[in-house]
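Asks:
There are 2 protein chains.
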Amino acid sequence: MTDAWLDAIKWDADGLVPAIAQEEGTGVILMMAWMNREALRLTHETGHAVYWSRSRGRLWHKGEESGHQQSVRALRIDCDGDVVLLQVEQKGGIACHTGRHNCFFRELDANGDWAEISPVLQDPDTIYRNP
Amino acid sequence: MTDAWLDAIKWDADGLVPAIAQEEGTGVILMMAWMNREALRLTHETGHAVYWSRSRGRLWHKGEESGHQQSVRALRIDCDGDVVLLQVEQKGGIACHTGRHNCFFRELDANGDWAEISPVLQDPDTIYRNP
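So the sequences go chain by chain: A and B. First residue of the first sequence: -13, per the working numbering; consecutive thereafter. First residue of the second sequence: -13, per the working numbering; consecutive thereafter.
#1: Compare the Cα-Cα distances from B:GLY78 to each of B:VAL69, B:ASN22, B:LEU16, B:GLY67 and report the closest residue.
#2: Cα separation between B:ARG42 and A:ARG62?
#3: Answer yes or no: do B:TRP120 and B:PRO4 have a C-beta to C-beta separation smaller than 8 Å?
#4: What is the C-beta distance between A:GLN56 and A:GLY49, in whole angstroms, given that I count them as a contact (C-beta under 8 Å)?
#5: With DSSP as the reference, label B:GLU10 as helix, strand or coil.
#6: Counting only beta-carbon separations shorter than 8 Å, does B:ILE80 have a partner in chain A?
#7: Taking buried to mean at least 16 other C-beta atoms within 10 Å of its own C-beta, is A:GLU9 buried or exposed?
#8: Under 8 Å, with one C-beta from each stretch per pair, do the segment 30 to 44 of chain B and the segment 95 to 110 of chain B reach the 3-pair mark?
#9: How close, in whole Å, do the beta carbons of B:LEU45 and B:ALA60 come, if the pair is a contact with beta carbons under 8 Å?
#10: When you compare the CB of A:GLY98 with every CB in chain B, is at least one pair closer than 8 Å?
#11: For A:GLY49, verify whether its CB is less than 7 Å away from any heavy atom of the ligand ADP.
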């Protein structure tokens, strides 16, 4: 298998593409992050989601600190080839750095406030043990 | 209700934010497009998804030509405030301009090819009647 499949992706001016991680089975959208060509190639090669961290300017092997890896069950692209969709199994049941199941835990309510709709499952201080 | 809720969004350098449309009930991810502040404000105000078309450089009232509007049931943002998630009802059952239910109809197979996994429900020529 060559890397020709990567040529179908329309990378943006920064060489990135948005990548949506959806939980297989439940359909819950866990998070959206970014990938460059190497991240997507590694995601396919290793079977675990690898993103490009724009803030840290480096590859980010999801779960490298927390253990909360995402096992990739399927890779899809959209009609324009400029968005990637991953079907994943979320290790530990926690995708968000806030300790929640997913990152989309704020919903606009009738008062115009962003209300939290999902609980913290684990204290982030116990997830990330940076010395 | 003021527009203060819009200030929670972290717009990118172009004043845009990625917006994921997910079908309420099924959990199917229909598409990902982009919104600027006005598009998101109008989405909330009208109850129908309004995007910013980067290719056309203008607001794009989803369904303006096809009738395939997206009725918005909920608006969510992620932990970083830089991705919007819409829970929608898809009018006509077709979100993609190719005439498919959703835009993520290509999946990487074992041979490294992007295989089509969803059928065309309606010929695009009968959806868009541009003179």
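Using N, Cα and C, we set each Cβ at its ideal position, and we do this for glycine too.
Replies: If we stick to the structure as given:
#1: Residue numbering aside, residue 78 of chain B sits at position 92 when the second sequence is read from its first letter. Here the closest residue by C-alpha is B:LEU16.
#2: Residue mapping note: residue 42 of chain B aligns to position 56 of the second sequence, counting from 1. Residue mapping note: residue 62 of chain A aligns to position 76 of the first sequence, counting from 1. The alpha-carbon atoms of B:ARG42 and A:ARG62 are separated by roughly 25 Å.
#3: A question about residue 120 of chain B goes unanswered here, because the residues of chain B that appear run from -13 up to 117.
#4: The residue labelled residue 56 of chain A in the question sits at position 70 within the first sequence. The residue labelled residue 49 of chain A in the question sits at position 63 within the first sequence. The Cβ separation is near 7 Å, so the contact holds.
#5: The residue labelled residue 10 of chain B in the question sits at position 24 within the second sequence. The answer is coil: DSSP assigns B:GLU10 none of H, G, I, E or B.
#6: In the second sequence, counting from the first residue as 1, residue 80 of chain B sits at position 94. No, because no Cβ of chain A sits closer than 8 Å to the Cβ of B:ILE80.
#7: Looking up residue 9 of chain A in the first sequence gives position 23. Answer is buried; the Cβ neighbour count reaches 16.
#8: no
#9: Against the second sequence, residue 45 of chain B aligns to sequence position 59. Against the second sequence, residue 60 of chain B aligns to sequence position 74. Wrong, their Cβ atoms sit about 22 Å apart, outside the cutoff.
#10: Looking up residue 98 of chain A in the first sequence gives position 112. True, the Cβ-Cβ gap to chain B drops below 8 Å.
#11: Because no ligand of any kind appears in the structure shown, any question about the ligand ADP cannot be addressed here.
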